Amino acid sequence: MYRSNRTTSAVFAAAFFGIATYAGMDVTMKSLSLTLGVYNAMLWRSMLSAAIAALIYYWRRPRWPKNSTIRLHIWRGIVISIMAFLFFWGLKFLPVAEAIGLSFIAPLIALYLATVILHEKISSRSVIASLIGLCGTIIIVIGRLSGEYDNETGKGIISILLSAVLYAYNLILQRQQALVAEPLEIAFFHNCTVIFVFGCLSPFLAIIPSASHAPQIALASILGLVSLLMMSWAYARAPANILIPVEYTAFVWAVILGWLVFEETVTITTVIGTLLIVLGCLMAAWQKGGSIQHIKSTTA
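In terms of numbering that gives the first Met the number 0, the sequence shown opens at residue 0 and continues consecutively.
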């Protein structure tokens, strides 16, 4: 059974918007990490996100999920906690666009993990689309990494790459979650797990942020929550190997936001690479007949 072209467009629009808001959250979190530290930036953002998600989640009076679903929620939350800490720690030492570019190894890894874990078929068009997007990323990264770098930058690069490996696995877990839980349930358990993981260290590392940090914490929480809801909704309605190339649009937003917020320059290699990334995403969207297989999202 196949959904209409209108539904296909809606799924890609949701994924595109989810990536855009996530990029905005990355920029906000970089600013917070530079002032509060990565741990406290993540702790307070997650606490506010969990509170918002809990209010909406319990207002809908949901059925309590099965134990197997809860285990999946908790496991992904643990993976995301480690992944996010590594990413935001590395982001302190690298420009936003450069960090996003390095992380683009993740969708390519996830594309093939989907065949092993989810038993999804990879179309030749999806492979070509991902490779085109990856080539665009390589062009941009080469242009950004052509200068001299210190030890801190090297640590940042290693941290981002380790985070990318976990992010690839996270994409597969996200797909599995989307098939058994609704977006609000995923958002609620995700943030609760992150709070628990980071809360274990709160007696030693937590600090109370000043009122001046409140707007940024609120913005990061809202952007992160909206992104999670949008991506969960999209992954419930399309196979991972079709949506993964859309992940590459994160670099477009990283370039724009990095320039606006941190005055990071945009080079010709960035423009060329971005065009290739967009081309890869368009190829993935134009599957046979412009349609995607319909997969129902069920509540546990």
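Cβ coordinates follow ideal geometry from the N, Cα and C atoms, glycine included.
Computed from a predicted model, the values in this text were never measured in an experiment.
Item	Value
Should residue 47 and residue 226 be called a contact, given that it needs their Cβ atoms to be closer than 7 angstroms?	no
Any idea what DSSP makes of residue 257, helix, strand or coil?	helix
Among 254, 263, 282 and 262, whose alpha-carbon lies nearest the alpha-carbon of residue 271?	254
For the putative contact between residue 100 and residue 158, defined by C-beta atoms under 8 angstroms, what is the C-beta separation to the nearest angstrom?	Actually they are not in contact, since the Cβ atoms of residue 100 and residue 158 sit about 14 angstroms apart, beyond 8 angstroms.
Going straight from the alpha carbon of residue 233 to that of residue 145, what length do you get?	37 angstroms
In three-state DSSP terms, what is residue 103?	coil
Taking the Cβ atom as the reference point for each residue, do residue 197 and residue 42 lie within a distance shorter than 7 angstroms?	yes
Using the three-state DSSP reduction, which class does residue 199 fall into: helix, strand or coil?	coil
Just verifying my parser: in three-state terms, what is the DSSP assignment at residue 180?	coil
Taking a contact to mean a Cβ-Cβ separation below 7 angstroms, would you say residue 245 touches residue 26 in this structure?	no
From residue 167 to residue 50, what does the alpha carbon distance come to, in whole angstroms?	27 angstroms
Could you give the distance in angstroms between the alpha-carbon of residue 65 and the alpha-carbon of residue 163?	30 angstroms
Pick helix, strand or coil for residue 35, following the three-state DSSP scheme.	helix
What's the C-alpha gap between residue 242 and residue 248?	11 angstroms
Measure the CB-CB distance between residue 92 and residue 34 and report whether it falls below 7 angstroms.	no
Using only CA atoms, which one of 21, 22, 229 and 31 lies nearest to residue 213?	31
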